[in-house]
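Some notes on the structure that comes next.
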Amino acid sequence: MRDAEYDALIIGSGAGGSVAATRLALAGWKVLVLEQGLRFDPARDYHLDERDWEFKDPFVPHIPDTCNGVPSRPPSGFDHLRSTLESSPSLRAFHYARACGVGGSTLRYQGEAHRFPPYAFSMKSRYGMDVDWPVTYEELAPFYAEMEVRLGVAGESHPLFPRASPYPNPPHPLSPASRRIAVGCSRMGLHLGPNTLAILSRPYRNRRPCVYCKMCCRGCMVGDKSSADVAILPVGEKTGRLHVRPQTVATRIKLNKTGRVSSVLALDTETGQEFLVRADAVILSAGAIETPRLLLHSAQSGFPQGLANRSGLVGKNLMENIYIGLLFLFDEKLETYKGVPIDSRLLDFVKPDPDRGFPRGFVIASMGAPDYLQGPAAFALWIAPGYGRAHRQFVEKHYGAHAMIYGIAEQGPREGNALTLDSEDKDPWGVPKARVDTRLNIEDCTLLELMRRQCSHILEATGGTTLLGQYSAYDISRATHAVGTARMGTHEEDSVVDTFCRCHDIPNLYIMDGSVLPTQGCGCSPSLTIQTLALRAAEKMASCHGV
Amino acid sequence: MTRRAFLGYALLALCSFKTLLGCGRSRTADTIERINVMMRHMVGVEDRDVALFRPAESGLESQKTAWYGEIADYVVRHYADQVGVDYERFFTQAANHQVKNPTVSFALDMMRADAITAFYTSPEGWRIAGYQGPPVKSTWVHFILRKTVYPSCNLPCHALIDRMSSKHQDD
Numbered sequence: 003m004r005d006a007e008y009d010a011l012i013i014g015s016g017a018g019g020s021v022a023a024t025r026l027a028l029a030g031w032k033v034l035v036l037e038q039g040l041r042f043d044p045a046r047d048y049h050l051d052e053r054d055w056e057f058k059d060p061f062v063p064h065i066p067d068t069c070n071g072v073p074s075r076p077p078s079g080f081d082h083l084r085s086t087l088e089s090s091p092s093l094r095a096f097h098y099a100r101a102c103g104v105g106g107s108t109l110r111y112q113g114e115a116h117r118f119p120p121y122a123f124s125m126k127s128r129y130g131m132d133v134d135w136p137v138t139y140e141e142l143a144p145f146y147a148e149m150e151v152r153l154g155v156a157g158e159s160h161p162l163f164p165r166a167s168p169y170p171n172p173p174h175p176l177s178p179a180s181r182r183i184a185v186g187c188s189r190m191g192l193h194l195g196p197n198t199l200a201i202l203s204r205p206y207r208n209r210r211p212c213v214y215c216k217m218c219c220r221g222c223m224v225g226d227k228s229s230a231d232v233a234i235l236p237v238g239e240k241t242g243r244l245h246v247r248p249q250t251v252a253t254r255i256k257l258n259k260t261g262r263v264s265s266v267l268a269l270d271t272e273t274g275q276e277f278l279v280r281a282d283a284v285i286l287s288a289g290a291i292e293t294p295r296l297l298l299h300s301a302q303s304g305f306p307q308g309l310a311n312r313s314g315l316v317g318k319n320l321m322e323n324i325y326i327g328l329l330f331l332f333d334e335k336l337e338t339y340k341g342v343p344i345d346s347r348l349l350d351f352v353k354p355d356p357d358r359g360f361p362r363g364f365v366i367a368s369m370g371a372p373d374y375l376q377g378p379a380a381f382a383l384w385i386a387p388g389y390g391r392a393h394r395q396f397v398e399k400h401y402g403a404h405a406m407i408y409g410i411a412e413q414g415p416r417e418g419n420a421l422t423l424d425s426e427d428k429d430p431w432g433v434p435k436a437r438v439d440t441r442l443n444i445e446d447c448t449l450l451e452l453m454r455r456q457c458s459h460i461l462e463a464t465g466g467t468t469l470l471g472q473y474s475a476y477d478i479s480r481a482t483h484a485v486g487t488a489r490m491g492t493h494e495e496d497s498v499v500d501t502f503c504r505c506h507d508i509p510n511l512y513i514m515d516g517s518v519l520p521t522q523g524c525g526c527s528p529s530l531t532i533q534t535l536a537l538r539a540a541e542k543m544a545s546c547h548g549v
Numbered sequence: 445m446t447r448r449a450f451l452g453y454a455l456l457a458l459c460s461f462k463t464l465l466g467c468g469r470s471r472t473a474d475t476i477e478r479i480n481v482m483m484r485h486m487v488g489v490e491d492r493d494v495a496l497f498r499p500a501e502s503g504l505e506s507q508k509t510a511w512y513g514e515i516a517d518y519v520v521r522h523y524a525d526q527v528g529v530d531y532e533r534f535f536t537q538a539a540n541h542q543v544k545n546p547t548v549s550f551a552l553d554m555m556r557a558d559a560i561t562a563f564y565t566s567p568e569g570w571r572i573a574g575y576q577g578p579p580v581k582s583t584w585v586h587f588i589l590r591k592t593v594y595p596s597c598n599l600p601c602h603a604l605i606d607r608m609s610s611k612h613q614d615d
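What follows is the structure, given as structure tokens:
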């Protein structure tokens, strides 16, 4: 490819990048999106129709090795929080769970499309913790609504998330497993309701509804899950002004003498050929690890500590998931391997409540069989004990009766949880890997304990269940909601981007991904908020700059 | 031709002839059959006539035949009486880590994983588990049935309708 010029260059085609690219293309901008992964073809690359589908993950083989977690010892005194269903390592290291491909991690997300509750934007002023966002729920509400329409979100209104109109699609019905748990919850005075999902519950805009195969994490073959490659990018590509270039990695951002981005050095990972892309505006949407890695690697005159890093906050305040899940058996088979992956959630604890003894909120959800134990072979291999007839009888009796209830909470932003460049280890393209050092503290462990206790109480109230064991972030990190490494804010000394995702230090450089989130939304999933911020920022770009 | 060369050629011909008759394969075939019998007991499906082990020719897969064969032989040697091989006793001891042979204990987990995976990724295994099975290939038939007779059916097989145009034409 020869050097090329665009109105906007976007690095990364996931939740944020796809929305920005499409919005700008619709506004008449000529847009190029660089995506380091493949463009997956559901017909060719997803495996649901193959005999050993449950052991084939289309995404994992294509995730480049770009990130090293630093092992650390979790706080002592919480050994009861260790995972019991996998070998529990004594040291814990950050693991970045993602997908690389056109659509980014929305390729494997489970379709959760949550708004953040209004108070999540003002944690500092309301609860004296973390930081306040520079935007409010009310400012984001119309953009949330627009994204929900684009994604065809299925859900049920809830007073915690004020909205002007109903969701575009009705909620998915609760699975038999969740209906049982909902009864237990109601005995405790709690309410387990349908989850809010970017998974179609009825035909919508020429797309088919979900068939409840529960394969979201391995790639949706029907196209009912509103991943970016299905629900967002085709709209932009249809304009003829949006071009997505897969298998291309950005390796360095270059500035001109006036301190603006002039070009980006890119590399075709198939041919190894390097080329420059010039654009009037550059948007980083590579996620909370890759975006700061590229900024730090692009250090140059004027920015010796990394681009857009005069605040010193690029790479800091990394927040990962705080989760704990209890795997259990119902006393009857409930076809728990079918349905949407996370069909229900309980919001009674999502509001921080100092009276609970700990002022931070969390979400509890029920998911039937988790994706890694969905098929009979995985269940027979990892859950059914022993050999011979006893093994067979266990599978016969309990497969389809296994389910998980879990809690997920936000992790507070802490400067010590940070990524830097690993000077001794490089990725396949010669760029230093990210060295990610995140540690749990007593607060995180207390949250884990609180969530574990609530999940146990709910199972007791449900009755007719047998606990098999637990998975826990205490010893095993699986960061699917990594955010916070280039936070937004009003002042350039304590934030990296402004309220419209523009870098304080570089006027034509933007960040539109999870990096900009100042906090994690009390356990709600971040993808819809990332998309909403990107939509709002792209609208601002389009209105300010025109074509 | 010297006498020595003649004997050499004669021996080679005899070996080739035995191989052609199937005699050369008999030991391997016996081993594979013993492995399959043991694997069926391993997953408790000795009442089913299913082949759970099909040796491949390369790398670790070919080595497995030797390892699994050794386990099967070990069980026959140590757990057989006049009635037959007592697999249940062996598996009970294996579950309690009481099998002391290092090769057996090394490869037993691998053998279990292979047996379970082979069985429970098959329609036979799905039936035992009560799983409705992955999508069927006769997608068009299913699609038409869903349109006409079973509109409420939500089996994942309908997911395949989009795939007919590319992947299955390649098959």
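Chain order of the listed sequences is A and H. If you want my numbering, it's the position in the first sequence, counting the first as 1, plus 2. If you want my numbering, it's the position in the second sequence, counting the first as 1, plus 444. Backbone N, C-alpha and C define an ideal beta-carbon position, used for all residues, glycine too.
- Message: Assuming A:Phe364 is part of the alpha helix (DSSP H), what are its boundary residues?
- Response: Segment 364–368 is the beta strand (DSSP E) holding A:Phe364; no alpha helix (DSSP H) there.
- Are the beta-carbon atoms belonging to A:Gly525 and A:Val365 less than 8 Å from one another? Result yes, Cβ atoms of A:Gly525 and A:Val365 sit closer than 8 Å.
- Under 8 Å (Cβ pairs) to chain A, residues found in the segment 549–560 of chain H: Arg556, Ala557, Ile560
- Message: Taking 8 Å as the threshold (beta carbon to beta carbon), is A:Leu298 in contact with chain H?
- Response: no
- Could you please give the first and the last residue of the uninterrupted alpha helix (DSSP H) stretch that includes A:Arg117? Following the DSSP letters along the chain, one finds A:Arg117 in no alpha helix (DSSP H), marked with neither H nor E.
- Query: Which parts of the segment 217–294 of chain A are runs of the beta strand (DSSP E), unbroken and 3 residues or longer, counting only runs that do not cross its ends?
  - Reply: 244–247, 250–257, 263–270, 276–286
- Contiguous beta strand (DSSP E) assignments of at least 3 residues, all confined to the segment 480–518 of chain A: 511–513
- Task: Under 7 Å Cβ to Cβ from A:Phe145, same chain only, skipping five residues before and after it: list those, please.
- Result: Thr534, Leu537, Arg538
- Item | Three-state secondary structure (DSSP) of A:Gly30 | coil
- Can you pull the chain H residues whose beta carbon is under 9 Å from the beta carbon of A:Lys259, in chain order? Result: empty, since nearest Cβ-Cβ is about 50 Å, beyond 9 Å.
- Message: Under 8 Å, Cβ to Cβ, is there at least one residue of chain H near A:Arg182?
- Response: No, A:Arg182 does not count as interfacial toward chain H.
- Cβ pair A:Leu257, A:Gln307 closer than 8 Å: no
- In the DSSP assignment, find the unbroken beta strand (DSSP E) run with A:Gly402 in it and report its ends. Element bounds for A:Gly402: n/a, residue is neither H nor E.
- Helix or strand or just coil, what does DSSP make of A:Ser90? If DSSP states are grouped into helix, strand and coil, A:Ser90 belongs with coil.
- Item | Contact with chain H by A:Ala382, beta-carbon distance below 8 Å | yes
- Task: Use the C-beta contact count for A:Tyr473: other C-beta atoms within 10 angstroms, 16 or more gives buried, fewer gives exposed.
- Result: buried
- Query: Residues in the segment 389–417 of chain A with C-beta within 8 Å of chain H's C-beta atoms, listed in sequence order?
  - Reply: Tyr389, Gly390, Arg391, Ala392, His393, Arg394, Gln395, Val397, Glu398, Tyr401, Gly402
- Task: Report the neighbours of A:Tyr339 on chain H: residues whose CB is nearer than 8 Å to its CB, in chain order.
- Result: Tyr575
- What residues from the segment 472–490 of chain H come within 7 Å of chain A, judged by C-beta to C-beta, listed N to C? His485, Met486, Val487, Gly488, Val489
- Spell out whether any CB of chain H is found under 8 Å from the CB atom of A:Asp54. yes
- H:Ser582 at chain A interface by Cβ criterion, 8 Å: Low confidence applies to H:Ser582: its pLDDT is 46, below 50, so where it sits in the model is not reliable enough to give any reading.
- Message: I'd like to confirm the pairing. Which residues does DSSP put opposite A:Ser554 in its beta bridges?
- Response: Since the first and last residues shown for chain A are 3 and 549, residue 554 of chain A lies out of range.
- Query: By DSSP, does A:Met190 sit in helix, in strand, or in coil?
  - Reply: coil
- If you count every other CB in all the chains shown that lies within 10 Å of the CB of A:Tyr206, and 16 or more means buried, which is it? buried
- Message: Which same chain residues end up closer than 6 Å to A:Gly39 when comparing Cβ atoms and leaving out the 5 residues on each side of it in sequence?
- Response: His64, Cys102, Gly103
- Item | Close Cβ partners of A:Asp41 (< 6 Å) along its chain, the five nearest in sequence each way excluded | At residue 41 of chain A the sequence reads Arg, which differs from the Asp that was named. The answer, listed in chain order, is Val104, Pro248.
- Since I believe A:Ser229 is in contact with A:Thr108 (beta carbons under 8 Å), could you give me their beta-carbon distance rounded to a whole number of angstroms? 4 Å
- Following the continuous beta strand (DSSP E) through A:Pro434, name the residue where it begins and the one where it ends. 434–439
- Using a beta-carbon distance cut-off of less than 7 Å, what residues from the segment 506–539 of chain H approach chain A? Tyr531, Glu532, Phe535, Ala538, Ala539
- Where do the N-terminal and C-terminal ends of the beta strand (DSSP E) with A:Ser632 fall, by residue? Absent from the model: residue 632 of chain A. The displayed extent of chain A is 3 to 549, so no value can be given.
- Task: Spell out a yes or no on whether the segment 343–361 of chain A and the segment 382–393 of chain A are touching, meaning 3 or more CB-CB pairs, one atom from each, closer than 8 Å.
- Result: no
- Query: At what residues does the beta strand (DSSP E) containing A:Arg100 begin and finish?
  - Reply: That residue, A:Arg100, is in no beta strand (DSSP E); it is neither H nor E in DSSP.
- Query: Is H:Pro499 helix, strand or coil when you go by DSSP?
  - Reply: coil
- Task: Please go through the same chain and pick out, in chain order, the residues whose beta-carbon is closer than 6 Å to the beta-carbon of H:Asp517, but skip the five residues on each side of it.
- Result: none
- Query: Should H:Gly468 be flagged as near chain A, meaning a C-beta pair shorter than 8 Å?
  - Reply: Any answer about H:Gly468 is weak, because its pLDDT of 45 lies below 50 and its placement is not dependable; what the coordinates show is given next. It does not; no Cβ of chain A falls within 8 Å.
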